[in-house]
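2 protein chains.
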Amino acid sequence: MTPLPEDLGRSEMREDLLQRRQKVLGRAYRLFYESPVVPVRALGVEIIEADGSRLLDAYNNVPVVGHCHPRVVEAQCRQAAILNTHTRYLTEDIVRYAEKLLATFDEPLERSMFTCTGSEAIDLALRMARMPGRPQGIVISSHAYHGVTALAASVTPSLGASWQREPWIRTVTFPREINDEDRGEAFARIVREAIDDLQRSEFGFSALLLDMALASDGVWLEPEGLLGPASREAQAAGGIVIADEVQAGFCRTGTHFWGHQRQGVTPDLVVMGKSMANGLPVAGIVGTAELVDGFGSQGRYFNTYGGNPVCMAAAEAVLDVIKDECLLDHAGLVGAELQGGLRSVARASGARARVRGSGLFAAIEFADAKGELDPKACLRALNAYRRAGILVGQCGPDNTSIKIRPPLPFSRRNVEEIVAVTRDVLASEAAD
Amino acid sequence: MTPLPEDLGRSEMREDLLQRRQKVLGRAYRLFYESPVVPVRALGVEIIEADGSRLLDAYNNVPVVGHCHPRVVEAQCRQAAILNTHTRYLTEDIVRYAEKLLATFDEPLERSMFTCTGSEAIDLALRMARMPGRPQGIVISSHAYHGVTALAASVTPSLGASWQREPWIRTVTFPREINDEDRGEAFARIVREAIDDLQRSEFGFSALLLDMALASDGVWLEPEGLLGPASREAQAAGGIVIADEVQAGFCRTGTHFWGHQRQGVTPDLVVMGKSMANGLPVAGIVGTAELVDGFGSQGRYFNTYGGNPVCMAAAEAVLDVIKDECLLDHAGLVGAELQGGLRSVARASGARARVRGSGLFAAIEFADAKGELDPKACLRALNAYRRAGILVGQCGPDNTSIKIRPPLPFSRRNVEEIVAVTRDVLASEAAD
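Protein sequence lines correspond, in order, to chains A and B.
Letter 369 of the first sequence, counting from 1, is numbered 1344 in this note's numbering, and no numbers are missing.
Letter 327 of the second sequence, counting from 1, is numbered 1302 in this note's numbering, and no numbers are missing.
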C-alpha cells in the first residue's frame, strides 16, 4: 500500500520503505546521513521533511536557482504539453538556448553539444580529446571525481579501492601546504612533470582535465588565476585543457559565470552538468570548432534525449532567471558574507578547522591533533549540521572537508543561520 | 530575433534557423530527410509542422503512449512543482516505480538501477558484466547499435568506418537466408563459434549482448523463441545474457511486454531506455541480485539525475497508461493488421521488398535486381513516405530497410493510411 508522504514521518513507515527499497534497488543505492533525509516538498533553499521539519539546503547545486523555481517549472511544463521530440528534427529551442549559453563563454569556445548527464558529457569530451590521430594520455588530479560511465570512472580516482588506473592516466596531487602566492606555479610544475612522463610514453599527452573548483581535492578557488599556470603548461606542451564545470559553473564562485574564468584558464573544451536545468537531466559540452567539428566529422553521435525541447525549455529558464534575478552579483555579495563568517568562526573556535572557497562554494577542512586530515571529525560535523537542520556535504581527500554549496538564492539570513550553526559545530569539535 | 513557431513555415526563416544551428551546434548534429521536419506541436500519433501540415508518426518509439499524453504530462508537472531531488534522500516514488517495473519481469530479475539514457544503461550493464574477477569478452551482432558512451560505442559496429574494434569483442552475423524454422539454431551455432573463440583467448567469455529486436540488423522477431537457442548457448558456456530492450520493450512486439519474453530469452541483465518516460530522460537496468548487488558492493555508483522524482513520476504514468489503456493488447491487435497489410501490399506490388516484424515493429527490406540489399531504394522510399506525410525510419545493414515503429496508440485507421502509402511507395519502386 502506498504511504502518504506524511506517513513517512513515522519511523515504522520509514523502516518499511527502507526494506522495500533494499529489495528492488541494487546495493549501489546508498543514503546520506545516519538518519536519512525524507523530503516531501521543497522551495527555494528549503526542504520540508515528512515529519514536518524544515531543512536549510546548503548542499544541492542541482536546483541552482532554488528548488521548484516557478519560472523553470512553468517553462518545462508548458513545453511538455506542446511538443517533446529530438534534435533530428528542426526546432528553434535548442538553437536559441545554445546561443544564450555560448554568450556566457569567451572565444574560442563556439560550438555546443548536449547530453543528459555530466558523466555523458565527460565521456564525450574525452572521446574528442582522444579521437583517432590524437595522443591518448590524460592528466587528472589525484582525488578527482568526473563521473560514472566506464570512461568517466577511469578518470575518477576518488572511487578509491575500486578505481582501476589505466596506463594512459597520470594523476597530479594538488600542493596543499604551499602559501597562496606560490601555489599556482607549484601546481604547474607538478603538472609539467606528469606531461613530460606521458610524452616519454607510448601514449603522448592529449589533455589536462580538471574540475574548475578542484572540489573533490578539497575546493581550491584562491587566489584568482590559481590554475592559469598549469593550464598554460598543458597548452604549451601541445595538449588541450578540459574544464569540468559541473560544480564550479553557473555563478557558483560569485566572481564569474564559469569557474575557468576565475581560475585564469582558457579551456579548449568545457563540460557542464548538474545545475544546467535545475534538476531535469541536462548536461553538455562547449568547445572549439576544431575539436567539436573534428569529432562530428569522424563519426556519428546522437543522444536521443539530449537537447530535447522540454529539457531545453528548463535550461533556458535557468539562464533567464540567473540574469533577471542577478544571481551572479547575489552569489558574490552573499558569498562574501558566507566566506567571511565561516573564516571568522573557524578562527575563533579553537578547532583544527580551515576554511577555503569563494562565493557560494566553501569547504571546512578538519585536522587532528597531529595535523593530519581527520575524516572522523568531518563525519561528526556532517551529522551535527543535519541535526541542526542544515544539509551540507563532504569533499576532499578521504572526505575530510565539509562542503557548503547551496542553491544560489541563499540569503543573508541563511548565511547567518549556517554561520551560527558552524560556530556550535566547531565549538563542539574544539571541546572534544 | 526569435521567430514564432509558425514563422518557420516560411522557407527563408527555416534557412536562417539552419544557419544559426550550424553556427552553434557541433557538426555531429544532423537532420532527418532531404526536407527536414519542423515540428511545432504533437499529440498522440500526430505531429503538426510549422507550415500547418500534419504528419503521421510511424517512427518515434520514445513517446510510447503517444506524444504529450495528458496523464504523463500532468504527472511530471505536478511533481516538478513539489519536489525534485535525488536518490541519496529517501522518497517513495523510485521504490514504487521499481516495484511496478519489476512486476513486468520474470524471475530471477529482481533488482533495478536507473540512469538517464540507454547509453548509460548499456555502459553500466557492461561494467557489471566485466567487473573485476569476471571474464572480459563480449559477443555482439555485426550491425548492432547500443549507444554513444565510449564503452557503448565499442559495442556499436553500426557506427561503420569510425568503429574501432576492441580485441575483447566478437561480432556474429545474423543468418539472413535461412528458413524460419532453422534460423534460431543456425544463429546459435554462429554464437557458439564466437564464444569458443573468446574462450580460447586471454579475455574469456563474459556476455552475449543482443538487441531483443535485432533492429539494426534488420528486425528479426519471428518465429517466437528465435533467440532462445543462442541465449542458452551463452549461458551453458558460463556467460551471461544482456538483453537490450531499448527498442523491443514496452509492448512493442504486440505479444509480450518485453522482447526477451517473445524471443525465448532468460536474460541476466536487461537494459531499457527510450520509451520509459515518454520523452523525459529515463533509462535503466534490471538484473539478477548476484550481478547488480555484486557490482554495488565493489564500488560507488551514483547517477545525479537518475531516478529523480520528476523522471519517476513520468515513468510511472507510462506504466499506468499502458495498463489502463490496454496497450499490449492494442499493439497485438493493431500490429497484426499492420503486419498483414504490409505483407499483402509487398507481395502484390512486384517490388523487391520483404516485410519482417511483429506487432508495432515492422521492417520493409529492399533489394535490387541482383537480389543485393539496396540502400538507394530504401532512401527513396524514406523520402516518399515523408512527402506523403508519414514519418518512418531506416534500419538494417547499410540502411536497407524502412523501419516502422510508431507510438503504441497507433489506430486501425493509421494502419490503413500507412498501408495505402506503402502500396504507392512500392508501386513506384516496382516501376523503377
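The C-beta atom is built at its ideal place from N, Cα and C for all residues, glycine as well.
The model shown is predicted, which means the values in this text are computed figures rather than measured ones.
Notebook entry, point to check: Apart from the five residues just before and just after isoleucine 1165 (chain A), which ones in its own chain have a Cβ nearer than 6 Å to its Cβ?
Noted result: Against the first sequence, residue 1165 (chain A) aligns to sequence position 190. Shown here for isoleucine 1165 (chain A): same chain residues with a beta carbon closer than 6 Å to its own, the five before and five after excluded, namely Val1147 in chain order.
Next item on the list: Kindly indicate if chain B contains any beta-carbon less than 7 Å away from that of tyrosine 1120 (chain A).
Entry: To locate residue 1120 (chain A), count along the first sequence from 1; it is residue 145. Not an interface residue.
Note to self: For asparagine 1253 (chain B), list the residues DSSP reports as bridge partners.
What the structure shows: The residue given as residue 1253 (chain B) occupies position 278 in the second sequence. Answer by DSSP bridge pairing, in chain order: B:Leu1255.
Notebook entry, point to check: In the structure shown, what three-state DSSP assignment does aspartate 1032 (chain B) receive?
Noted result: For this step, residue 1032 (chain B) is matched to residue 57 along the second sequence. Strand.
Checklist line | Interface positions of the stretch 1088-1114 of chain B facing chain A (Cβ-Cβ less than 8 Å), listed along the chain | finding: Cβ contacts with chain A: Met1088, Thr1090, Cys1091, Thr1092, Gly1093, Ser1094, Glu1095, Asp1098, Leu1099, Leu1101, Arg1102, Pro1107.
Margin query: Contact defined as beta carbons within less than 8 Å: I believe proline 1382 (chain B) pairs with asparagine 1035 (chain B). What is the distance between those atoms, to the nearest angstrom?
Written below: Within the second sequence, numbered from 1, the residue matching residue 1382 (chain B) stands at position 407. Within the second sequence, numbered from 1, the residue matching residue 1035 (chain B) stands at position 60. Confirmed, Cβ separation roughly 6 Å.
Next item on the list: Answer with buried or exposed for glycine 1108 (chain A), where buried requires no fewer than 16 other C-beta atoms within 10 angstroms of its C-beta.
Entry: In the first sequence, the residue the question calls residue 1108 (chain A) occupies position 133. Looking at its Cβ environment, which holds fewer than 16 other Cβ atoms inside 10 Å, glycine 1108 (chain A) is exposed.
Notebook entry, point to check: Roughly how many whole angstroms lie between the Cα atoms of valine 1400 (chain A) and leucine 1366 (chain A)?
Noted result: Start at 1 with the first residue of the first sequence, and residue 1400 (chain A) comes out as number 425. Start at 1 with the first residue of the first sequence, and residue 1366 (chain A) comes out as number 391. Distance between the alpha carbons of valine 1400 (chain A) and leucine 1366 (chain A) is about 13 Å.
Margin query: Given this structure, state the Cα-to-Cα distance separating leucine 1308 (chain B) from glycine 1334 (chain B), to the nearest angstrom.
Written below: Position 333 of the second sequence, counted from the first residue, corresponds to residue 1308 (chain B). Position 359 of the second sequence, counted from the first residue, corresponds to residue 1334 (chain B). Take the alpha-carbon of leucine 1308 (chain B) and the one of glycine 1334 (chain B): they are about 8 Å apart.
Checklist line | Sub-7 Å separation of aspartate 1026 (chain A) and glycine 1093 (chain A) beta-carbons | finding: On the first sequence, position 51 is the one that residue 1026 (chain A) refers to. On the first sequence, position 118 is the one that residue 1093 (chain A) refers to. In this structure, the beta-carbon distance from aspartate 1026 (chain A) to glycine 1093 (chain A) does not fall below 7 Å.
Checklist line | Pick from A:Arg1145, A:Ala1161, A:Ala1078 that is closest to leucine 1184 (chain A), judged by C-alpha positions | finding: In the first sequence, residue 1184 (chain A) corresponds to position 209, counting from 1. When only C-alpha atoms are compared, the closest one is A:Arg1145.
Margin query: Would you say valine 1296 (chain A) lies against chain B (beta-carbon separation less than 7 Å)?
Written below: For the purposes of this step, residue 1296 (chain A) is taken as the residue at position 321 of the first sequence. So no, valine 1296 (chain A) is outside the interface.
Next item on the list: Report yes if the CB atom of methionine 1106 (chain A) is closer than 7 Å to the CB atom of glutamine 1273 (chain A), and no otherwise.
Entry: Indexing the first sequence from 1 puts residue 1106 (chain A) at position 131. Indexing the first sequence from 1 puts residue 1273 (chain A) at position 298. Yes, the Cβ-Cβ distance between methionine 1106 (chain A) and glutamine 1273 (chain A) is below 7 Å.
Note to self: By the 8 Å beta-carbon criterion, what residues does the stretch 1061-1072 of chain A contribute toward chain B?
What the structure shows: Within the stretch 1061-1072 of chain A, the qualifying residues are His1061, Thr1062, Arg1063, Tyr1064, Leu1065, Thr1066, Glu1067, Ile1069, Val1070, Arg1071.
Check: In angstroms, rounded to a whole number, what distance separates the CA positions of aspartate 1343 (chain A) and glutamate 987 (chain A)?
Finding: For this step, residue 1343 (chain A) is matched to residue 368 along the first sequence. For this step, residue 987 (chain A) is matched to residue 12 along the first sequence. C-alpha of aspartate 1343 (chain A) to C-alpha of glutamate 987 (chain A): approximately 38 Å in a straight line.
Check: Expressed to the nearest angstrom, what Euclidean distance is found between the alpha-carbon atoms of aspartate 1068 (chain B) and valine 999 (chain A)?
Finding: What you label residue 1068 (chain B) is simply residue 93 of the second sequence in a count that begins at 1. What you label residue 999 (chain A) is simply residue 24 of the first sequence in a count that begins at 1. CA-to-CA, the gap between aspartate 1068 (chain B) and valine 999 (chain A) works out to about 12 Å.
Note to self: Nearest by alpha-carbon distance to leucine 1432 (chain A): which of A:Leu1076, A:Pro978, A:Arg1327 is it?
What the structure shows: Chain A is shown only over 976 to 1407; residue 1432 (chain A) falls outside these bounds and no answer can be derived.
Item checked: chain A residues whose Cβ lies nearer than 8 Å to that of serine 1117 (chain B) -> Here the question's residue 1117 (chain B) lines up with position 142 in the second sequence. By Cβ distance, chain A contributes nothing, its closest Cβ being about 17 Å from serine 1117 (chain B), past 8 Å.
Margin query: Please tell me whether alanine 1188 (chain A) and alanine 1223 (chain A) are closer than 7 Å, where the distance is taken between their beta carbons.
Written below: Locating residue 1188 (chain A) in the first sequence gives position 213, where the first residue counts as 1. Locating residue 1223 (chain A) in the first sequence gives position 248, where the first residue counts as 1. For alanine 1188 (chain A) and alanine 1223 (chain A), yes; Cβs fall inside 7 Å.
Next item on the list: Would you identify the three-state DSSP class for lysine 1378 (chain A), choosing helix, strand or coil?
Entry: For this step, residue 1378 (chain A) is matched to residue 403 along the first sequence. Strand, per DSSP.
Next item on the list: Using DSSP bridges, identify the partner residues of valine 1245 (chain A).
Entry: Position 270 of the first sequence, counted from the start, is the residue given in the question as residue 1245 (chain A). BP columns for valine 1245 (chain A) point to A:Ala1218, A:Val1261.
Note to self: Below 7 Å on C-beta distance, what does methionine 1345 (chain A) contact in chain B?
What the structure shows: Stepping through the first sequence from its first residue, residue 1345 (chain A) is reached at position 370. Here residue 1345 (chain A) is lysine; the residue named in the question, methionine, does not match the sequence. The contacting residues do not exist; lysine 1345 (chain A) stays about 29 Å from chain B at best.
Check: Between A:Gly1193, A:Val1123, A:Val1267, which lies nearest to proline 1150 (chain A) when the distance is taken from Cα to Cα?
Finding: For the purposes of this step, residue 1150 (chain A) is identified with residue 175 of the first sequence, where counting begins at 1. Minimum Cα distance to proline 1150 (chain A) is reached at A:Gly1193.
Margin query: Relative to the C-alpha of proline 1404 (chain B), which candidate in B:Ala1161, B:Arg1355, B:Val1015 has its C-alpha closest?
Written below: By one-based count along the second sequence, residue 1404 (chain B) stands at place 429. Residue 1404 (chain B) is actually glutamate in this sequence, not proline. Nearest to glutamate 1404 (chain B) by alpha-carbon distance, out of B:Ala1161, B:Arg1355, B:Val1015, is B:Arg1355.
Checklist line | Listed by chain order, chain A residues near valine 1360 (chain B) by CB distance under 9 Å | finding: The residue you call residue 1360 (chain B) lines up with position 385 of the second sequence. It is tyrosine, not valine, that sits at residue 1360 (chain B) in the sequence shown. In chain order: nothing, as chain A lies at least about 15 Å away.
Note to self: Can you list, in chain order, the residues of its chain with a C-beta nearer than 6 Å to that of glycine 1112 (chain B)? Leave out the 5 residues immediately preceding and following it.
What the structure shows: For this step, residue 1112 (chain B) is matched to residue 137 along the second sequence. Here the set comprises Trp1143, Leu1173, Phe1178, Gly1179, Phe1180, Ser1181.
Notebook entry, point to check: Thinking just about the alpha-carbon of each residue, which of A:Ile1297, A:His1305, A:Tyr1004, A:Phe1080 is nearest to the one in arginine 1063 (chain B)?
Noted result: As a first step, residue 1063 (chain B) is located in the second sequence; it is residue number 88 there, counting from the start. Measuring from the Cα of arginine 1063 (chain B), the nearest candidate turns out to be A:Tyr1004.
Item checked: asparagine 1278 (chain B) to aspartate 1171 (chain A) span [Cα, whole Å] -> Walking along the second sequence from the start, residue 1278 (chain B) turns up at place 303. Walking along the first sequence from the start, residue 1171 (chain A) turns up at place 196. Rounded to whole angstroms, asparagine 1278 (chain B) to aspartate 1171 (chain A) spans 35 Å at the Cα level.
Note to self: Contact defined as beta carbons within less than 8 Å: I believe valine 1390 (chain A) pairs with leucine 1302 (chain A). What is the distance between those atoms, to the nearest angstrom?
What the structure shows: By one-based count along the first sequence, residue 1390 (chain A) stands at place 415. By one-based count along the first sequence, residue 1302 (chain A) stands at place 327. Here valine 1390 (chain A) is actually not in contact with leucine 1302 (chain A); their C-beta atoms are around 15 Å apart, not less than 8 Å.
Next item on the list: Could you work out which residues of chain A lie near glutamine 1273 (chain B), taking near to mean beta carbons separated by less than 7 Å?
Entry: Numbered from its first residue, the second sequence carries residue 1273 (chain B) at position 298. Correct list: Ser1137.
Next item on the list: Round the Cβ separation of valine 1246 (chain A) and isoleucine 1260 (chain A) to the nearest angstrom and send it over; I've been treating them as touching at under 8 Å.
Entry: In the first sequence, the residue the question calls residue 1246 (chain A) occupies position 271. In the first sequence, the residue the question calls residue 1260 (chain A) occupies position 285. Taking 8 Å as the upper bound for CB-CB distance, valine 1246 (chain A) and isoleucine 1260 (chain A) are in contact here, some 5 Å apart.
Checklist line | Closer than 7 Å at the beta carbon, the chain A residues around phenylalanine 1225 (chain B) | finding: Indexing the second sequence from 1 puts residue 1225 (chain B) at position 250. Within chain A, no residue comes near phenylalanine 1225 (chain B); the closest Cβ sits about 14 Å away, beyond 7 Å.
Checklist line | For methionine 1106 (chain B), the first and last residue of its enclosing alpha helix (DSSP H) | finding: Taking the second sequence and counting its residues from 1, one reaches residue 1106 (chain B) at position 131. Annotation: methionine 1106 (chain B) is outside any alpha helix (DSSP H) and is labelled neither H nor E by DSSP.
Check: If contact means a Cβ-Cβ distance below 9 Å, which residues of the stretch 1027-1044 of chain B contact chain A?
Finding: The residues in question are Asn1035, Val1037, Pro1038, His1042, Cys1043.
Next item on the list: Measure from the alpha carbon of leucine 1201 (chain B) to the alpha carbon of each residue in B:Cys1353, B:Leu993, B:Phe1162, B:Tyr1280, then state which is nearest.
Entry: Within the second sequence, residue 1201 (chain B) is the residue found at index 226, counting from 1. Comparing Cα-Cα distances from leucine 1201 (chain B) to each of B:Cys1353, B:Leu993, B:Phe1162, B:Tyr1280, the minimum goes to B:Phe1162.
Checklist line | Interface flag, phenylalanine 1178 (chain A) vs chain B, CB-CB below 7 Å | finding: As a working note, residue 1178 (chain A) is residue 203 in the first sequence. Taking Cβ atoms only, chain B never reaches closer than 7 Å to phenylalanine 1178 (chain A), which makes this a no.
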